[in-house]
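Enquirer:
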Amino acid sequence: QRICVIGAGASGLTAIKCCIDEDLEPVCFEKSHDIGGLWRFEEEGTSDGATVYRSTYINTSKEMMAFSDFPPPKEAANYFHNSKVMQYYRDYADKFNLLKHIKYKREVLSCKKMNDFESTGNWFVTTKNLLTDKTSVDVFNGVIVAVGHHAVPHFPVSQFPGADKFKGKILHSQDYRDFRGFENKNVVVLGVGNSGGDIAVELSWHSKQVYLSTRRGTWVFNRLGPYGMPRDFLVITRHRAFLNWLTPSSVIQKSVESQLMEKFDHDHYGLRPDHGPLNQHPFINDELPHRIINGSIMIKSNIELIFDDGTAVEADAVIFATGFIFQFPFQNDSIAKVRFANSQLYKYIWPVGMAKHTLAVIGHVHVLGAVNPVSEMQCRWATRVFKELATLPNDTNMLLDINRKKVALQKRFYKSQRHTMEVDHIAYMDEIADQIGVKPNMFSLFITDRKLARKVWYEFCSAYQYRLKGPGKWAGAREAIMGQQSRMFCPLHTRATSKRSKSKNKLVFSILCLQTSTIDVNLHQVLC
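Numbering-wise (this note's numbering), the sequence shown opens with residue 8 and increments by one.
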C-alpha cells in the first residue's frame, strides 16, 4: 500500500516511520526544502508556513518530548533550544532512514477521492513541483495529513480601528525572528499566548518600552517545579492523574491557583483572568514577572491604538501574537468542516462519514503535555487502521464521542478557538493506546516487575511506556524507562557536591510526597 504523507515536520517524520513499521510504502511531500516544520528556524521569512524565532526554547522537557523508541542524549539539556530540537529530528530521521521517502519543494494542491473510493479507499493527490512549476497526479491507498495547525496565521488587523493610518511597523508573530530592528523603540505585543510572552520578554531587553496587551489576562506557569525539577516531570504522572481523578476539580483548581499566586500576585501584576488556571491552555514563561516588576514590560488591556483604559502610547511597532487559523492549505472536502467549535474528527484524527477510513489527520490537537509522542501514537493507530488491523466504530458512535468531548471542553475551558481541541496527555495517550493494544497494564506490571511498575506509576509518563508490549513492542523500552531519571539529572551534574549521592533518593521521595500532600492540604482547607 502506498501512503501519502503531507508535511515533513515532527508529525510527518513519525508518520513515515510508522508506515515503514507496518510495511506500508510512504511518500512524503514537503513544501519547503528541509524537514522540521515550524521548528526549523529560517533567517528570512518564507511562504512555507510558521517558523520559530531565533531564541525559542521548547516548553516540554526532553524526555517528555521524545519519541517512544528514540530517547534523547543523556548529556543534552532538559529544555532544548530550537536548534537542538532540529538536531533531535535529524538524528531520528537518520536512525530510521526516513529521508529517502521525502520529496521536497512539493506543494499538495488537493486530495480527492477516486471514483471507486467506496470499494478501494483510494485517493487522487495533486502536487505541484515548486522548482519546475509542474503539477502531477498520483494515486495513493491512504493519506496522512501532518501539516499541524500553524499553517495560516490569524492576523486581525482590520479589527483595530486606525490601523490603516498607523505609520509604524505591523507584523504577525510568524514573521518575527529576533529583536533586531526593534532596538530603542516602543513596541506593542498583542496577545498573551506563549509566543506573545516570549517575544515581549526578549524585546524588553532591547526595546525602549514593551506593552503586552491582553483581553482576558492569563495564569503564568514556568518550566521549573519544586526542587528545580522540570515541571512536567512532576505533573504528568500516572500517580498524579489518579489523585486528580479522586479529587474534586474545585480543590485542584484552588491548589494550583494558590501555588501560582505564591510565585507572584497576578492581581497586582495586571494578569489575573476571570477564569481559573486549569480553564486555559498553560501559558509558560520563566521571565515575564521579573520584566514586569522592573518596568520593562507594561501589561495593558485590549488595544485599538488607544488602550481600553483611555491611555495612549506612541508605538513604533505592533506585533500580532494572535495565533493561527485552523485551516488546511489544500483542497479536501472530507476535512473541510474542521473549523472553530465544529471539529468533526473522531479522536481528533478521523473524518466522519467516510466509506473507507483511509485519511488521517495527525497533530491537530493542543496537548496538555508533549506533542511529539501524541502525534506518534496517532500515526501508530492510523497505520494499523490502514492495514485493517484495527477498526473504527460506525458514524453514529463516532459523532457521539465527538459531541461528548465537545461538551466536556466547553465546560472546562473558556471559549476560544484553541480550546476546541485540547487533550490531556495521559488520558489521550491511553485512549489511543487502548485502540492499538499497547496501553500499560499496571496491575500486571506490579506483579511481574515492581521496579519498572514504580517508574511507570510515579515518574512522568514518557512515551517509552507504550513500547513495553503489543504491536510495535521495543526491546529497549524497559531500559529507556529505568534510565529516564538519570538522563534528566545528567546535564545538571557538571560539578560534584558532597551531599548529592545522599540526597538524590531523598529528593525524589520528597517530590512524590509533595505531589500527594499539596492536594491533601488544599482538600483540608476547602472542607474546613
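No residue lacks a Cβ here, since even glycine has one placed at the ideal position from N, Cα and C.
In this text, all values refer to a predicted model and were calculated from it rather than measured experimentally.
With DSSP as the reference, identify every bridge partner of Asp431, one or two as the case may be.
Expert: Position 424 of the sequence shown, counted from the first residue, corresponds to residue 431. Looking at the DSSP assignment, Asp431 forms a beta bridge with Leu375.
Enquirer: Go ahead and pull the three-state DSSP assignment for Val368.
Expert: Counting from one through the sequence shown, the residue named residue 368 turns up at place 361. Note: Val368 maps to strand in three-state DSSP.
Enquirer: Under 8 angstroms: do the segment 178-198 and the segment 212-224 share three or more Cβ pairs, one atom per stretch?
Expert: Touching, yes.
Enquirer: Exposed or buried, Thr398, counting other C-beta atoms within 10 Å across all chains shown (16 or more means buried)?
Expert: The count along the sequence shown starts at 1 and reaches residue 398 at position 391. By the neighbour-count rule (16 or more Cβ atoms within 10 Å), Thr398 is not buried but exposed.
Enquirer: Check this for me: beta carbons of Leu475 and Arg485, under 9 angstroms apart or not?
Expert: If you number the sequence shown from 1, residue 475 lands on position 468. If you number the sequence shown from 1, residue 485 lands on position 478. A contact, by the Cβ cut-off of 9 angstroms.
Enquirer: Sort Ala22, Ile65, Lys107 by Cα distance to Met93 and report the nearest one.
Expert: Walking along the sequence shown from the start, residue 93 turns up at place 86. If we check each option's Cα against that of Met93, Ile65 comes out closest.
Enquirer: In chain order, what residues of the same chain have a beta carbon less than 8 angstroms from the beta carbon of Ser90, not counting five sequence neighbours either side?
Expert: As a position in the sequence shown, residue 90 is number 83, starting the count at 1. So the qualifying residues of the chain are Phe48.
Enquirer: Note down, in chain order, each residue of its chain lying with its Cβ closer than 6 angstroms to the Cβ of Ala84, except the 5 sequence neighbours on either side.
Expert: Start at 1 with the first residue of the sequence shown, and residue 84 comes out as number 77. Excluding sequence neighbours, Ala84 sits near Pro498.
Enquirer: If I'm right that Gln8 touches Leu45 with Cβ under 8 angstroms, what's the distance once you round it to whole angstroms?
Expert: Here the question's residue 8 lines up with position 1 in the sequence shown. Here the question's residue 45 lines up with position 38 in the sequence shown. About 29 angstroms separates the two Cβ atoms, so there is no contact after all.
Enquirer: Report the three-state DSSP secondary structure of Phe240 (helix, strand or coil).
Expert: Looking up residue 240 in the sequence shown gives position 233. Phe240 falls in the helix class under three-state DSSP.
Enquirer: Per DSSP, which one or two residues make a beta bridge with Asn193?
Expert: Walking along the sequence shown from the start, residue 193 turns up at place 186. Answer by DSSP bridge pairing, in chain order: Gln216.
Enquirer: May I ask which residues mark the beginning and end of the beta strand (DSSP E) holding Ile27?
Expert: In the sequence shown, the residue the question calls residue 27 occupies position 20. Not the beta strand (DSSP E): Ile27 falls in the alpha helix (DSSP H), residues 17-28.
Enquirer: Between which two residues does the beta strand (DSSP E) carrying Arg113 extend?
Expert: Mapped onto the sequence shown, residue 113 falls at position 106. Arg113 -> beta strand (DSSP E) spans 113-120.
Enquirer: Thinking C-alpha only, which one of Asn379, Pro163, Asn401, Asp323 is nearest Gly360?
Expert: For the purposes of this step, residue 360 is taken as residue 353 along the sequence shown, with counting starting at 1. When only C-alpha atoms are compared, the closest one is Asn401.
Enquirer: What is the residue span of the beta strand (DSSP E) that Ser143 lies within?
Expert: Your numbering for residue 143 matches position 136 in the sequence shown. Where Ser143 is concerned, the enclosing beta strand (DSSP E) stretches over 142-147.
Enquirer: Taking Gly149 and Tyr96 to be in contact with their CB atoms under 8 angstroms, please state how far apart those CB atoms are, rounded to whole angstroms.
Expert: In the sequence shown, counting from the first residue as 1, residue 149 sits at position 142. In the sequence shown, counting from the first residue as 1, residue 96 sits at position 89. Actually they do not touch by this definition, with Cβ atoms about 23 angstroms apart.
Enquirer: Between Thr329, Ala503, Glu29, which lies nearest to Gln166 when the distance is taken from Cα to Cα?
Expert: The residue given as residue 166 occupies position 159 in the sequence shown. Considering only alpha carbons, the answer is Thr329.
Enquirer: Could you give the DSSP three-state label for Thr133: helix, strand or coil?
Expert: Locating residue 133 in the sequence shown gives position 126, where the first residue counts as 1. The answer is strand: DSSP assigns Thr133 an E or B state.
Enquirer: Taking 8 angstroms as the threshold, find out whether the segment 256-269 comes into contact with the segment 281-296 through three or more Cβ pairs.
Expert: Cβ pair count under 8 angstroms is three or more, so yes.
Enquirer: Identify which residue in His432, Pro478, Val463, Ser220 has its Cα closest to the Cα of Val381.
Expert: On the sequence shown, residue 381 is found 374 positions in, with the first residue counted as 1. The shortest C-alpha separation from Val381 is found at His432.
Enquirer: Measure the C-alpha to C-alpha separation of His161 and Glu438 and round it to an integer number of angstroms.
Expert: Looking up residue 161 in the sequence shown gives position 154. Looking up residue 438 in the sequence shown gives position 431. Roughly 31 angstroms separates the two Cα atoms.
Enquirer: Measure the alpha-carbon distance for Val445 versus Asp274 and round it to whole angstroms.
Expert: Along the sequence shown, one-based indexing puts residue 445 at 438. Along the sequence shown, one-based indexing puts residue 274 at 267. Taking the straight line from one Cα to the other gives about 45 angstroms.
Enquirer: Starting from Ile537 and walking both ways along the beta strand (DSSP E), at which residues does that stretch end?
Expert: In the structure as shown, the chain begins at 8 and stops at 535. Residue 537 is therefore absent and cannot be evaluated.
Enquirer: From Ser75, Arg387, Ala207, pick the residue whose C-alpha is nearest to that of Ile306; which is it?
Expert: Against the sequence shown, residue 306 aligns to sequence position 299. Cα-wise, what sits closest to Ile306 is Ala207.
Enquirer: Comparing alpha-carbon positions, which option in Ser202, Ser126, Val132, Ala324 lies nearest Phe331?
Expert: Locating residue 331 in the sequence shown gives position 324, where the first residue counts as 1. The shortest Cα separation from Phe331 among Ser202, Ser126, Val132, Ala324 belongs to Ser202.
Enquirer: Give me the Cα-Cα distance between Lys69 and His88, rounded to the nearest whole angstrom.
Expert: Locating residue 69 in the sequence shown gives position 62, where the first residue counts as 1. Locating residue 88 in the sequence shown gives position 81, where the first residue counts as 1. The alpha-carbon atoms of Lys69 and His88 are separated by roughly 11 angstroms.
Enquirer: Can you have a look at Lys1 and say buried or exposed, based on whether 16 or more other CB atoms are within 10 angstroms of its CB?
Expert: The structure shown does not extend to residue 1, since the chain is modelled only from 8 to 535, so the question has no answer here.
Enquirer: Pick from Leu106, Asn136, Lys174: whose alpha carbon is nearest that of Lys112?
Expert: Within the sequence shown, the letter at position 105 stands for residue 112. Ranking Leu106, Asn136, Lys174 by Cα distance to Lys112 puts Asn136 first.
Enquirer: In whole angstroms, what separates the C-alpha of Glu190 from that of Phe173?
Expert: Here residue 190 corresponds to residue number 183 of the sequence shown, with the count starting at 1. Here residue 173 corresponds to residue number 166 of the sequence shown, with the count starting at 1. Distance between the alpha carbons of Glu190 and Phe173: 19 angstroms.
Enquirer: Which residue from Thr390, Ala482, Tyr435 puts its Cα closest to that of Ala367?
Expert: In the sequence shown, counting from the first residue as 1, residue 367 sits at position 360. It is Thr390 whose Cα lies nearest to the Cα of Ala367.
Enquirer: Quick check for students: name the residue ranges of the alpha helix (DSSP H) that lie wholly in the segment 472-501, counting only runs of 4 or more.
Expert: Listed in chain order, the complete alpha helix (DSSP H) runs (minimum 4 residues) inside the segment 472-501 are 484-489, 491-496.
Enquirer: Among Leu407, Ser308, Ser39, Leu416, which one has its Cα closest to the Cα of Val372?
Expert: The residue labelled residue 372 in the question sits at position 365 within the sequence shown. Residue Leu416 is the option with its Cα nearest to Val372.
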